[in-house]
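Residue numbers (our numbering), protein chains in the order written: chain A, 1 to 379; chain B, 380 to 758.
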């Protein structure tokens, strides 16, 4: 491994905010960073040694990009996996491994993986046709999810009763029993090539139902210790079973009857880990780098109560972004602003995040509410 | 102020590690960063929107660079101040202000400033000729310092007795009474345009006498509370008197008889503040950005015991840098590696730093010793 000398060429597929924060941390390790993204104005554009504009789903583009690096990682799952497989055969290190990205790209395969490995998840059925959907044994209401290319709530449809079937997806999908959950929780786990596995403490999330995005995340969770243990054990089991190299976000539901069910996986830095930049001994970005460089994994202990608030483009505003209220929120102690360098805002676009830390949990929550009310991205 | 929208053009004079760490933090605020440095391989080279190769001491170069930015800051004092003055007259924001850089570039003017403002400092005399030196009233041993262009121990000469005078500097200099100090201490203070002033908690330093560089810095200091108060009050007084915008590192001696004497000022991020990246609520880099953007200053509270160890090129090694022992030090908890992206090492060159945090001070010191013994930069 040639890391630390500036001659390790790290390629990142995707040049969004996750790549941007990964680069911010990678600066500490002298790596040469190349980024591929279709958007020539992507957030990583000016922060890397080489920025290549091109399609992440095109075989030739991904292959040619990958041939020029030593180690390839992702900040988005929707990439050409055939190219990654070929690159692996030709000796490029691809972390997470192509087989894991392939598995996770397909929500059907992901669910089958959970079932085969006895990982608790909501009851489901793979659906290939409208007839199968009608004949399904899962009771209403249920959730239909496209097997591929859904994200941030897109490609998800709630089937409340029979009348909803007419508008259901006709593409390959899966349906899942409706989970009456108490909380959405998440654990980020990391594994390096040596097989060392380490979890971050479990976090609790709150979603903005309108935007269907995580908008508020808090650590440490105040749920019972057994729930932490169970969620972290599930995340470890998945990392061990997959033998992933890199970090993996495991999104879970805590049901009203106290069960932990895995919802979805993301084999990359994840929105549910942003609080770790200020809130934990090492951040998810540092941990991902340590994992893919095959270095010892870092201490994930919480330093404080930490809340992450997504900064979303205001509804009704589209165009060049204007940030209102930054000065007001910076007046409060323990408030950290992260803007993602996106020139244009649109409703609910992730434009940045703010982390709030405070030794007093209630004060942290009060500050988070203040941040949510005060910071606006308009046009 | 157009910060946060990507259209504030921030210029940095100097592209070394201080600029690099400033950019790492500035990424959070969407600024467009331009850097001027004479070395085309400078650490900032690949991390900014525009990197200009050119002399920092040439009027035209600095002026032309400054005309293309909205806000100009420095990461090194040795820059053309005439150009900065002209830029200020033409409406470019220059922080720290040119008059402060001019004052600090000249150790003689700096000392006179201390005297005029009753800031405690070692007794001194300005020297313009060999005759003045011989006739000086300051007793042996004393320190002779070049008024201009000394740094990291260069331009400093200890005059032990009369026999040392033959090798004394003949350039404009100052001589200072030898201070029999107990400790070197430092306080970083920040001031924004609104006049808000905030200090970081005082740190203690240990120097490597061979390299004549800070190699070990610890916070919080265990010196008596009154010393903290006095050092921080002095730093505040200097910032208020100068009306500086930006951060200012105030290096001080604690004498064996308990007096705090100011040694030197640096109006920029400083080696004595690197521990703040992980060790304080906000880092010196964040604080400098907040000050020059005229935002509320951040909370500077220590989060933990934090030790900063400079990573210096090993004696006897010159050439492409090889880092030994990184894996071993990353195995220890709370160890943060910062490499500066310098391709070539030479004896005692600052190649990076490591911060060690631990709730237990003795453990932090033990880990710092381990890091010093384990991490080597060879060729």
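Even glycine gets a Cβ: it sits at the ideal position worked out from N, Cα and C. Nothing here was measured: the structure is a model prediction, and the numbers come from that model.
Residues that residue i contacts on chain A, provided the C-beta gap is smaller than 8 angstroms
i: residue 533(B); result: Near residue 533(B) there are no residues of chain A at all, since even the closest Cβ is about 26 angstroms away, more than 8 angstroms.
i: residue 675(B); result: 327, 330, 331
Residue i versus residue j: straight-line alpha-carbon distance, rounded
i: residue 527(B); j: residue 425(B); result: 31 angstroms
i: residue 436(B); j: residue 644(B); result: 20 angstroms
i: residue 190(A); j: residue 271(A); result: 15 angstroms
i: residue 162(A); j: residue 71(A); result: 49 angstroms
i: residue 386(B); j: residue 290(A); result: 34 angstroms
i: residue 259(A); j: residue 200(A); result: 20 angstroms
i: residue 9(A); j: residue 65(A); result: 11 angstroms
i: residue 554(B); j: residue 524(B); result: 6 angstroms
i: residue 287(A); j: residue 717(B); result: 15 angstroms
i: residue 87(A); j: residue 467(B); result: 54 angstroms
i: residue 517(B); j: residue 504(B); result: 8 angstroms
i: residue 16(A); j: residue 53(A); result: 13 angstroms
i: residue 168(A); j: residue 355(A); result: 38 angstroms
i: residue 303(A); j: residue 738(B); result: 11 angstroms
i: residue 398(B); j: residue 618(B); result: 22 angstroms
i: residue 452(B); j: residue 423(B); result: 14 angstroms
i: residue 487(B); j: residue 543(B); result: 21 angstroms
i: residue 228(A); j: residue 371(A); result: 28 angstroms
i: residue 324(A); j: residue 373(A); result: 11 angstroms
i: residue 292(A); j: residue 285(A); result: 11 angstroms
Proximity below 8 angstroms, CB of residue i to CB of residue j
i: residue 14(A); j: residue 75(A); result: yes
i: residue 564(B); j: residue 631(B); result: yes
i: residue 557(B); j: residue 597(B); result: no
i: residue 475(B); j: residue 625(B); result: yes
i: residue 740(B); j: residue 689(B); result: no
i: residue 326(A); j: residue 375(A); result: yes
i: residue 236(A); j: residue 203(A); result: no
i: residue 460(B); j: residue 489(B); result: no
i: residue 585(B); j: residue 634(B); result: no
i: residue 758(B); j: residue 701(B); result: yes
i: residue 100(A); j: residue 244(A); result: yes
i: residue 627(B); j: residue 648(B); result: no
i: residue 477(B); j: residue 464(B); result: yes
i: residue 529(B); j: residue 538(B); result: no
i: residue 499(B); j: residue 641(B); result: yes
i: residue 357(A); j: residue 278(A); result: yes
i: residue 408(B); j: residue 430(B); result: no
i: residue 571(B); j: residue 676(B); result: yes
i: residue 117(A); j: residue 241(A); result: yes
Interface residues of chain A facing residue i [CB-CB closer than 9 angstroms]
i: residue 652(B); result: In chain order: nothing, as chain A lies at least about 17 angstroms away.
i: residue 427(B); result: 46, 47
i: residue 395(B); result: What residue 395(B) touches in chain A: nothing, since even the nearest Cβ is about 13 angstroms away.
Whole-number beta carbon distance between residue j and residue i, since they are thought to touch under 8 angstroms
i: residue 413(B); j: residue 428(B); result: 6 angstroms
i: residue 281(A); j: residue 187(A); result: Rounded, the Cβ-Cβ distance is 16 angstroms, inconsistent with contact.
i: residue 462(B); j: residue 441(B); result: 4 angstroms
i: residue 492(B); j: residue 482(B); result: 6 angstroms
i: residue 132(A); j: residue 709(B); result: Incorrect: roughly 51 angstroms between the Cβ atoms, too far for contact.
i: residue 551(B); j: residue 515(B); result: Wrong, their Cβ atoms sit about 14 angstroms apart, outside the cutoff.
i: residue 216(A); j: residue 364(A); result: That belief does not hold up - the Cβ atoms of residue 216(A) and residue 364(A) are roughly 11 angstroms apart, past 8 angstroms.
i: residue 501(B); j: residue 549(B); result: No, residue 501(B) and residue 549(B) are not in contact; Cβ-Cβ is about 22 angstroms, not under 8 angstroms.
Chain-ordered neighbours of residue i on chain B, where CB pairs are closer than 7 angstroms
i: residue 246(A); result: None at all; the shortest Cβ gap to chain B is about 16 angstroms.
i: residue 334(A); result: 660, 678
Neighbouring residues, chain B, relative to residue i (Cβ below 8 angstroms)
i: residue 338(A); result: 407
i: residue 36(A); result: None at all; the shortest Cβ gap to chain B is about 16 angstroms.
i: residue 290(A); result: 709
Within chain B, the residues that residue i reaches when beta carbons sit closer than 9 angstroms
i: residue 52(A); result: By Cβ distance, chain B contributes nothing, its closest Cβ being about 14 angstroms from residue 52(A), past 9 angstroms.
i: residue 20(A); result: 406
Chain A residues whose Cβ lies nearer than 7 angstroms to that of residue i
i: residue 403(B); result: 24, 27
i: residue 682(B); result: 303
message: When you compare the region 704-716 of chain B with the region 609-617 of chain B, are there three or more beta-carbon pairs, one atom per stretch, that lie closer than 8 angstroms?
response: no
- request: Would you be able to state if there are at least three C-beta pairs under 8 angstroms between the region 318-327 of chain A and the region 23-30 of chain A?
  value: no
- prompt: Is there contact here, the region 221-229 of chain A with the region 267-282 of chain A, by at least three beta-carbon pairs under 8 angstroms?
  reply: no
query: Contact between the region 415-424 of chain B and the region 343-354 of chain A: three or more CB pairs below 8 angstroms?
result: no
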